[in-house]
Amino acid sequence: MDQEQTVTGKSILRVDGPQKVRGEAKYAAEYNIPDLLHAYVVTASIAKGRILSIDLAAARRFPGVVEVLSHKNRPWFWPVSFLYKDAAGPPGKPFVPLDDDRVYFSGQPVALVIAENYEAARDAAALVKVTYKAEQHTTDLAASTAFKPRKRRIGVAPVPHPTGDADLAFAVAPLKIESTYTTSPENHHPMELFATTVKWGKIVTVYDKTQSPKSVELFLKVAFRLIGRKVRVVSTYVGGAFGLGLRPQQSVFLAVMAAKALERSVRLVLPRDHMFALGYRANAVQTVSLAADEQGRLQAVRHRAVAATSQFEDAQDPMLLFSASLYRCNNIKLTYELAKLDTVSPCDMRAPGAATGMFALESAMDELAYVLDMDPLALRLTNYTERDQSENRPFSSKALRECYALGSERFGWHKRSRAPRSMREDKELIGWGMATGAWEAAMSPAPARAKVMVRSDGKFEVTSSITDIGTGTYTILSQIAADTLETTMDRVVIRLGDSALPFNPIQGGSWTAATSGAAVQSACRKLKSTIRSRAKHTGVLGRGQGAELLSASALIDLLKLQRGRKLSATATMFSFPFGKKFSSATHAAVFAEVRVDEELSVVRVTRIVCAVAAGRILNPNTARSQIIGATVMGIGKALHEDAAYDHNLGRCMAHGFADYHIPTNADVYDIDVVFVDETDAEVSPLGVKGVGEIGVVAVAPAIANAIFHATGERMRHLPITIDRLA
Ligand code: MOS
Numbered sequence: 000m001d002q003e004q005t006v007t008g009k010s011i012l013r014v015d016g017p018q019k020v021r022g023e024a025k026y027a028a029e030y031n032i033p034d035l036l037h038a039y040v041v042t043a044s045i046a047k048g049r050i051l052s053i054d055l056a057a058a059r060r061f062p063g064v065v066e067v068l069s070h071k072n073r074p075w076f077w078p079v080s081f082l083y084k085d086a087a088g089p090p091g092k093p094f095v096p097l098d099d100d101r102v103y104f105s106g107q108p109v110a111l112v113i114a115e116n117y118e119a120a121r122d123a124a125a126l127v128k129v130t131y132k133a134e135q136h137t138t139d140l141a142a143s144t145a146f147k148p149r150k151r152r153i154g155v156a157p158v159p160h161p162t163g164d165a166d167l168a169f170a171v172a173p174l175k176i177e178s179t180y181t182t183s184p185e186n187h188h189p190m191e192l193f194a195t196t197v198k199w200g201k202i203v204t205v206y207d208k209t210q211s212p213k214s215v216e217l218f219l220k221v222a223f224r225l226i227g228r229k230v231r232v233v234s235t236y237v238g239g240a241f242g243l244g245l246r247p248q249q250s251v252f253l254a255v256m257a258a259k260a261l262e263r264s265v266r267l268v269l270p271r272d273h274m275f276a277l278g279y280r281a282n283a284v285q286t287v288s289l290a291a292d293e294q295g296r297l298q299a300v301r302h303r304a305v306a307a308t309s310q311f312e313d314a315q316d317p318m319l320l321f322s323a324s325l326y327r328c329n330n331i332k333l334t335y336e337l338a339k340l341d342t343v344s345p346c347d348m349r350a351p352g353a354a355t356g357m358f359a360l361e362s363a364m365d366e367l368a369y370v371l372d373m374d375p376l377a378l379r380l381t382n383y384t385e386r387d388q389s390e391n392r393p394f395s396s397k398a399l400r401e402c403y404a405l406g407s408e409r410f411g412w413h414k415r416s417r418a419p420r421s422m423r424e425d426k427e428l429i430g431w432g433m434a435t436g437a438w439e440a441a442m443s444p445a446p447a448r449a450k451v452m453v454r455s456d457g458k459f460e461v462t463s464s465i466t467d468i469g470t471g472t473y474t475i476l477s478q479i480a481a482d483t484l485e486t487t488m489d490r491v492v493i494r495l496g497d498s499a500l501p502f503n504p505i506q507g508g509s510w511t512a513a514t515s516g517a518a519v520q521s522a523c524r525k526l527k528s529t530i531r532s533r534a535k536h537t538g539v540l541g542r543g544q545g546a547e548l549l550s551a552s553a554l555i556d557l558l559k560l561q562r563g564r565k566l567s568a569t570a571t572m573f574s575f576p577f578g579k580k581f582s583s584a585t586h587a588a589v590f591a592e593v594r595v596d597e598e599l600s601v602v603r604v605t606r607i608v609c610a611v612a613a614g615r616i617l618n619p620n621t622a623r624s625q626i627i628g629a630t631v632m633g634i635g636k637a638l639h640e641d642a643a644y645d646h647n648l649g650r651c652m653a654h655g656f657a658d659y660h661i662p663t664n665a666d667v668y669d670i671d672v673v674f675v676d677e678t679d680a681e682v683s684p685l686g687v688k689g690v691g692e693i694g695v696v697a698v699a700p701a702i703a704n705a706i707f708h709a710t711g712e713r714m715r716h717l718p719i720t721i722d723r724l725a
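In numbering that gives the first Met the number 0, the protein residues as written are 0 to 725.
Encoded structure:
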């Protein structure tokens, strides 16, 4: 920034914290509207086939029930899958609820009960009788055929081209490993359930849990031909969203369908067990082959991934994103394939692709280190690269070396004895493992806009349609605005998460700070110069002053002199993804300590040090929270999360937190987060690179590597449950 900073870079507490703690922050299911109806979804009990008959009579008779909709009596909607492509959608035909009689996955909505209250809708849903003609299904990745996917979506780098001759180099290299790693599907379970409250009227106000109010607005307008009406999508607060809210969800589609059919206001809150059929982190089978010379220099990297997708879309997690660029190597071969399953489409989930792909790559690096009898960190440093070889260009910044140095020092890595099973305390084997993390650093490929205006009380109001999904967006935008406007944060009012506000892209990809933050900064700069020139023009306020011109009283005076004209400025931030001279990524080095009970095989992750290089850190407090949360998610990926299927039924067996395990407080010990100094002039005018996803990437491999060090057992499947270790 070109002026003295007073709040940016400081650990400011969340500006929305008090509202959240007091229960004043309203979430999508909390808007109370007179005469509100409540909806409940009836889901398919088979994985594949057709609906033969659907008997709604008993449900209709249930006291309090207003209507029951199925594919037969639903209101008309456009064939939306052909007309609208959401920003995060993969190639294929998006799933549309109650479209026709086809069943694509177990848990798919087949009917919607709408009643005067939630309980009536839920109870009546059990009375809907559906008969099916079931077809042979498969939900087992191991039993399905791999194919090359259609061209992947915009905004995600393609699988890097092969370089050199990896097959030959691997064949002739003296030291090598080749291993296959498998991961389980994981489901999204943010604290807030997916929910929509639709206020029907001339203006259709849709309170929705989403990461993109603008895409939901466009989707609804297209789908339901609400072009003549005003549609406003509001997501002022979002109780966690890690990718499941990037695309317009089934819930918002169904809620608006019901509201349109009945011309009434409707709320739909999905129960926890329905969340298992919305999308998942694709499970995958990956084989990594690494070869090195005696000094540990990589001679060949081969990485093949086969990932799950649905029958109707080629969902693609960029699992190979860093396999060609993280380490120096001249012979690289990457293969990415999909296999179709009778499930809902997989979707993005925090560091999509990278979190899965890097588990394989970083486990393989650890295996190679043992073949070489080399320290795992030394192996990474031996193969450190200052250039992105896959794109043949330098990094805009890369402080990964500093991450290794600072992280290993805080962890005490040099005290590690290399041999497996060489560290113990009483009945527990102690293991220390490490892994590298990387994630893309970029501004959004779609533009972000922001508006700032002077209010009649002399405060500045900043507006943007971007959501705050719990990451701290309200706070960092307040900081940026306050510093740019040379004022204090109490004079800045931020309004977000409303499609009526200036256009912003989906809140995802860890690009919000870089993109929407830069738009706010630019709008504030414009406003400042507008104020200066207007003040000069009116001649009343003194010329050329600095900060006093931006004081509340001066601005109130200026507004009066303007006779009703507003003092405001709007800015648009574009990023140019093409022809870039640099590659950009955030990096992390994660060091983990595990203690494994030798008799019971219980694993405790007693210590994690996570050193992160993510450019400029706008707010160490909120940034640190992002990394801690992501680390906990990584512990879950390593040890707990498994959306296990009964392949016979083709159905996910988990229904809630009793059987879908995530880490609890008792599973989380010491997490030490440290940011290394890094400046980056290329990613964003703000100098930031984003911190939402980098925290999760290296955690699972670091834990798996620590478990090997503790026990001598190489764990190549996630999650690592007791039965696998015993
Ligand atoms: Mo993130 S997976 O872009 O919500």
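For glycine and all other residues, C-beta sits at the position ideal for the given N, C-alpha and C.
Fill in: Residue of Ser498, Gln520, Ala441, Trp510 minimising C-alpha distance to valine 461
Numbered from its first residue, the sequence shown carries residue 461 at position 462. The residue with the shortest Cα to Cα distance from valine 461 is Gln520.
Practice prompt. Consult DSSP for glutamate 361 and reduce its assignment to one of helix, strand or coil.
Written response: For the purposes of this step, residue 361 is taken as residue 362 along the sequence shown, with counting starting at 1. Reduced to three states, the DSSP call for glutamate 361 is helix.
Item to complete: Decide if alanine 350 is buried, meaning its Cβ has at least 16 other Cβ atoms within 10 Å, or exposed.
Response: Residue mapping note: residue 350 aligns to position 351 of the sequence shown, counting from 1. By the 10 Å Cβ count, alanine 350 comes out buried.
Worksheet entry | Cβ-based burial, asparagine 116 [other Cβ within 10 Å; buried from 16] | Here residue 116 is taken as the residue at index 117 of the sequence shown, counted from 1. It is exposed - the Cβ of asparagine 116 has fewer than 16 other Cβ atoms within 10 Å.
Fill in: Under 8 Å between C-beta atoms of glycine 430 and valine 593
By 1-based counting over the sequence shown, the position of residue 430 is 431. By 1-based counting over the sequence shown, the position of residue 593 is 594. Yes. Within cutoff.
Worksheet item: With C-beta atoms as the reference, is lysine 47 less than 8 Å away from aspartate 341?
Response: For the purposes of this step, residue 47 is taken as the residue at position 48 of the sequence shown. For the purposes of this step, residue 341 is taken as the residue at position 342 of the sequence shown. Yes, the pair counts as a contact, with Cβ atoms nearer than the cut-off.
Fill in: As assigned by DSSP and simplified to three states, the class of lysine 726
Residue coverage of the chain in this structure runs from 0 to 725, which leaves residue 726 outside it and unanswerable.
Worksheet entry | As assigned by DSSP and simplified to three states, the class of glutamate 29 | The count along the sequence shown starts at 1 and reaches residue 29 at position 30. In the structure shown, glutamate 29 sits in a helix (DSSP, three-state: H, G or I).
Practice prompt. Leaving aside the five residues before and after alanine 57 along the sequence, list all residues of the same chain whose C-beta is less than 6 Å from its C-beta, in chain order.
Written response: Here residue 57 is taken as the residue at index 58 of the sequence shown, counted from 1. Same-chain partners within the cutoff: Leu126.
Practice prompt. May I ask you to report which of helix, strand or coil DSSP gives proline 108?
Written response: One-based indexing of the sequence shown puts residue 108 at position 109. Reduced to three states, the DSSP call for proline 108 is strand.
Practice prompt. Using the Cα positions of methionine 373 and threonine 196, report the straight-line distance between them to the nearest angstrom.
Written response: For this step, residue 373 is matched to residue 374 along the sequence shown. For this step, residue 196 is matched to residue 197 along the sequence shown. Distance between the alpha carbons of methionine 373 and threonine 196 is about 58 Å.
Worksheet item: How is tryptophan 412 classed by DSSP in three states: helix, strand or coil?
Response: Numbered from 1 along the sequence shown, position 413 holds the residue referred to as residue 412. Tryptophan 412 falls in the helix class under three-state DSSP.
Worksheet entry | Residues that valine 65 bridges to, as DSSP identifies them | Against the sequence shown, residue 65 aligns to sequence position 66. BP columns for valine 65 are empty, so no partner.
Practice prompt. Tell me whether alanine 441 sits in a helix, a strand or coil according to DSSP, three-state version.
Written response: Taking the first residue of the sequence shown as position 1, residue 441 is located at position 442. Looking at alanine 441 - three-state DSSP - the assignment turns out to be coil, as it is neither helix nor strand.
Worksheet item: Taking one C-beta from the segment 295 to 302 and one from the segment 85 to 105 each time, how about it: are there three or more such pairs within less than 8 Å?
Response: no
Item to complete: Go through the segment 484 to 539 residue by residue and report every complete run of the beta strand (DSSP E) that reaches 3 residues or more, in order.
Response: 491 to 494
Worksheet item: Which residues mark the beginning and the end of the beta strand (DSSP E) in which arginine 734 is found?
Response: Lying before the first or after the last residue shown, residue 734 is absent from the chain, which here runs from 0 to 725.
Item to complete: Please find out if some non-hydrogen atom of the ligand MOS comes closer than 7 Å to the beta-carbon of glycine 91.
Response: On the sequence shown, position 92 is the one that residue 91 refers to. Checking the Cβ of glycine 91 against the ligand MOS gives no.
Discussion item. Assuming the contact rule is C-beta atoms closer than 8 Å, alanine 588 and glycine 406 should be a hit. Round their C-beta distance to whole Å, please.
Written reply: For the purposes of this step, residue 588 is taken as residue 589 along the sequence shown, with counting starting at 1. For the purposes of this step, residue 406 is taken as residue 407 along the sequence shown, with counting starting at 1. Indeed, because the Cβ distance is near 4 Å, the residues count as touching under 8 Å.
Worksheet item: Excluding sequence positions up to five away, which residues of its chain have a Cβ less than 7 Å from the Cβ of proline 74?
Response: As a working mapping, residue 74 is identified with position 75 in the sequence shown. For proline 74, where only same-chain residues beyond five positions count, the Cβ hits under 7 Å are Met256, Lys259, Ala260.
Worksheet item: When you compare only the Cα positions, how much space is there between threonine 455 and leucine 557?
Response: Within the sequence shown, numbered from 1, the residue matching residue 455 stands at position 456. Within the sequence shown, numbered from 1, the residue matching residue 557 stands at position 558. Residue 455 is actually serine in this sequence, not threonine. For serine 455 and leucine 557, the distance between alpha carbons rounds to 10 Å.
Practice prompt. Could you pull out every unbroken beta strand (DSSP E) segment of at least 3 residues lying fully inside the segment 206 to 268, listed in chain order?
Written response: 229 to 233, 265 to 268
Discussion item. My output table needs one value for methionine 433: the three-state DSSP class, helix, strand or coil.
Written reply: Start at 1 with the first residue of the sequence shown, and residue 433 comes out as number 434. Note: methionine 433 maps to strand in three-state DSSP.
Worksheet item: Which of helix, strand or coil does DSSP assign to proline 393?
Response: As a position in the sequence shown, residue 393 is number 394, starting the count at 1. Strand.
Fill in: Beta carbon of isoleucine 53 nearer than 8 Å to that of alanine 114
As a position in the sequence shown, residue 53 is number 54, starting the count at 1. As a position in the sequence shown, residue 114 is number 115, starting the count at 1. Going by C-beta atoms, isoleucine 53 is not nearer than 8 Å to alanine 114.
Worksheet entry | beta-carbon aspartate 347 near the ligand MN non-hydrogen atom, thresh 7 Å | For the ligand MN, the structure offers nothing, since it holds only the ligand MOS.
Practice prompt. Put arginine 723 into one of helix, strand or coil per three-state DSSP.
Written response: One-based indexing of the sequence shown puts residue 723 at position 724. Helix, per DSSP.
Fill in: leucine 297, enclosing beta strand (DSSP E) - first and last residue
On the sequence shown, residue 297 is found 298 positions in, with the first residue counted as 1. Taken as a continuous stretch (DSSP letters only), the beta strand (DSSP E) holding leucine 297 covers 297 to 308.
Worksheet item: Counting along the chain, where does the beta strand (DSSP E) carrying glycine 48 start and finish?
Response: Position 49 of the sequence shown, counting from 1, holds the residue named residue 48. Per DSSP, glycine 48 belongs to the beta strand (DSSP E) from 48 to 54.
Discussion item. Within 8 Å, do at least three Cβ pairs link the segment 508 to 518 to the segment 683 to 692?
Written reply: yes
Worksheet entry | Beta-ladder partner(s) of asparagine 186, from DSSP | The count along the sequence shown starts at 1 and reaches residue 186 at position 187. For asparagine 186, which the question treats as bridged, DSSP gives the partners Tyr279.
Discussion item. Looking at the secondary structure, which residues open and close the beta strand (DSSP E) in which lysine 19 lies?
Written reply: The sequence position of residue 19 within the sequence shown is 20, counting from 1. Looking at the DSSP string, lysine 19 is not in any beta strand (DSSP E); the run it does join, the alpha helix (DSSP H), is 16 to 20.
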